[in-house]
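In the working numbering, the protein residues as written are 115 to 238.
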Amino acid sequence: MGFFSNIFAKIFPSANAAEVVAAPPAPAAAAAPAAPASIALGDVAPILDAMPGAKGLNWRTSIVDLLKLLGLDSSLAARKELAGELLYSSSDEPGSAAWNIGLHQQVMRSIAANGGTLPPDLRG
């Protein structure tokens, strides 16, 4: 199971982590087959807000705080692994504020692509 699957399983424990796709689907070309429709799993924000410790963390914008809230490794090495899995690339220095914000947005897009419902402020 990949790093993103671990994130997804922490948010939606009843979801089948084997079916989670790390990278959001690229825009479909005319000849490409349509991606399977995702199954609505629930609202992400209330689930995360209800987790122990959520009030003391800025998980809505910080990838480090999101990973801490989920009880996952938030080290730079772990975030680089996650970025690779999500096919996230940036001209920003890995670990910089801009890079971390972009990675957080990529995680949120991937959650939404796999059936999680996000409020407008998390859709990046």
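Each residue gets a CB set at the ideal place from its N, CA and C atoms; glycine is no exception. Please read these numbers as outputs of a predicted model, since none were measured by experiment.
Judging by CA-CA distance, which residue of the options is the nearest neighbour of residue i?
i      : options                        : result
THR231 : GLY198, GLU195, TRP173, LEU155 : LEU155
ILE215 : LEU186, GLY229, LEU181, ASN228 : LEU181
ASP234 : THR175, LEU184, ALA212, TRP213 : The question names Asp, but residue 234 is Pro in the sequence shown. Per the Cα distances, THR175.
VAL221 : ASP179, ASP206, GLU207         : ASP179
GLN219 : GLY198, ARG237, ALA168         : ARG237
Using the DSSP secondary-structure output, state which residues sit across from residue i in a beta bridge.
i      : result
ASP157 : THR231
Pop quiz: residue i and residue j are said to be a contact at Cβ under 8 Å. What is the actual Cβ separation, rounded to whole angstroms?
i      : j      : result
LEU200 : ALA136 : 6 Å
LEU183 : MET165 : 6 Å
LEU196 : PHE122 : Actually they are not in contact, since the Cβ atoms of LEU196 and PHE122 sit about 12 Å apart, beyond 8 Å.
Quick check on residue i - is its C-beta less than 8 Å from some C-beta in chain D?
i      : result
PHE122 : Absent from the structure is chain D; it holds one protein chain and no more.
Can you tell me where the alpha helix (DSSP H) holding residue i begins and where it ends?
i      : result
ASP187 : Careful: ASP187 lies outside any alpha helix (DSSP H) and carries neither H nor E.
ASN120 : 117-125
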